[in-house]
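Peer 1:
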Amino acid sequence: PILGICYGAQIVAKEFSGQVSAAKVSEYGKTEAWLVIDTRPDAKIYFGFKDKISKEELSKYEERSLLEKDIMANIMNEVEARVGDIYLIRAGLIHAIGAGCTIVEVQEPTDFTIQPENWCGDYQISEQEKYIGLTKDIALDCFDYNMYGKNAVKSAQITPITVIDEKGYKKEALISYDDTPCFAQNRHIIDNGNFVMDCAPSVWLVLDGEANISGRDYSRNIKKGEYFFLPFSAESKYTVSGKATLIECLPSKQD
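What the sequence shown shows, in this note's numbering, is residues 254 to 508, in sequence order.
(1) Who does I466 pair with in a DSSP beta bridge?
(2) Would you mind sorting Q410 into buried or exposed? The rule is 16 or more other CB atoms within 10 Å of its CB.
(3) Note down the Cα distance separating G566 from E358, rounded to an integer number of angstroms.
(4) Note down the Cα distance separating Q368 from W287, rounded to an integer number of angstroms.
(5) Could you check if T415 is buried or exposed, using at least 16 other CB atoms within 10 Å of its CB as the buried criterion?
(6) Excluding the 5 residues preceding and the 5 following A296 in the sequence, name in chain order all residues of the same chain whose CB lies nearer than 8 Å to its CB.
(7) Does the separation of the CB atoms of I328 and F302 fall below 9 Å?
(8) Can you look up G301 in the DSSP assignment and give me helix, strand or coil?
(9) Here's the rule I'm using: 16 or more other beta-carbon atoms within 10 Å means buried, otherwise exposed. How should V336 be labelled?
(10) By the three-class DSSP mapping on this structure, what secondary structure does E370 have?
(11) Since Y401 sits in a beta bridge, which residues does DSSP pair it with?
(12) Would you grab the beta carbon distance between K496 and G468 for me? Rounded to a whole angstrom, and I think it's under 8 Å.
(13) Grab me the residues of T292's own chain with a C-beta within less than 8 Å of its C-beta, minus the 5 sequence neighbours each way, in chain order.
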């Protein structure tokens, strides 16, 4: 079963008969990153078409989904969700998160989600929700029909890069600005060590363990499951120490 399938798409300018259509919503898309942090048995994620498919064929599958609720999952690559896996879902790549996945998801800050299906669980999706006010014909142009098969899966897989590895502290770049200008994501692992939070604004999540934030007459203990926002004014002014794993999420490069 699939819970809350969302199919990412890039909204771009489309030109028909010399006139720019209503699809010229923005020059931006909906790139996102997934870091799998927990799963139930047999949890799956989906991205990229399983086989070569045309826009017309996708339209027919959308129509069939009215009576065949799970049919959209059948046309995508199914991948086992494993703790620690990292994927970069670029705008235009069809994708979905299956049941039983806990994922840290960082997204390009846009409201563009094209959903060419009729159901989300037992909830029937309206035409407005499916195509965000665009016509179906225009909306389905947003998908990258060249991303299919093993190449689609391979293109989304990301390998962490070690940035710092010293006694008591390790920093890994999970998603860098070389991967996408839309955002960045780092993993900080401290084992009775410490580090300074030197990039802001940023959002932080404690994945495991316990630590302490200190600086400027301030001290706060943090533990697994907690998260916090570091404002620009706090950049390089606070130190994290203890034994924990933290995820740092940074805004777009242009910001």
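Beta carbons are placed, not taken as given, at the ideal position from N, Cα and C, and that holds for glycine.
Peer 2: Reading it off the structure:
(1) Your numbering for residue 466 matches position 213 in the sequence shown. Its beta-bridge partners are R473 and V493.
(2) Numbered from 1 along the sequence shown, position 157 holds the residue referred to as residue 410. A residue is called buried once 16 or more other Cβ atoms fall within 10 Å of its Cβ, and Q410, having fewer, is exposed.
(3) The question about residue 566 has no answer here: the residues shown for the chain are numbered 254 through 508.
(4) Sequence index remark: in the sequence shown, residue 368 carries index 115 (1-based). Sequence index remark: in the sequence shown, residue 287 carries index 34 (1-based). Between Q368 and W287, the C-alpha separation is close to 19 Å.
(5) As a working note, residue 415 is residue 162 in the sequence shown. Burial call: exposed.
(6) The residue labelled residue 296 in the question sits at position 43 within the sequence shown. Apart from the 5 residues on each side of it in sequence, A296 sits with its Cβ closer than 8 Å to the Cβ of E333, A334, G351, A352, G353 and C354 in its chain, given in chain order.
(7) Here residue 328 refers to the residue found at position 75 of the sequence shown. Here residue 302 refers to the residue found at position 49 of the sequence shown. Contact: yes.
(8) Reading the sequence shown from its first residue, position 48 is the one you call residue 301. In this structure, G301 counts as strand in the three-state DSSP scheme.
(9) Looking up residue 336 in the sequence shown gives position 83. Residue burial is scored here from C-beta neighbours: V336 has fewer than 16 other C-beta atoms within 10 angstroms and is therefore classed as exposed.
(10) On the sequence shown, position 117 is the one that residue 370 refers to. Coil at E370, not helix or strand.
(11) In the sequence shown, counting from the first residue as 1, residue 401 sits at position 148. Secondary-structure assignment with DSSP links Y401 through a beta bridge to F302.
(12) Position 243 of the sequence shown, counted from the first residue, corresponds to residue 496. Position 215 of the sequence shown, counted from the first residue, corresponds to residue 468. Rounded, the Cβ-Cβ distance is 19 Å, inconsistent with contact.
(13) For this step, residue 292 is matched to residue 39 along the sequence shown. Correct list, in chain order: A334, R335, V336, G353, C354 and T355.
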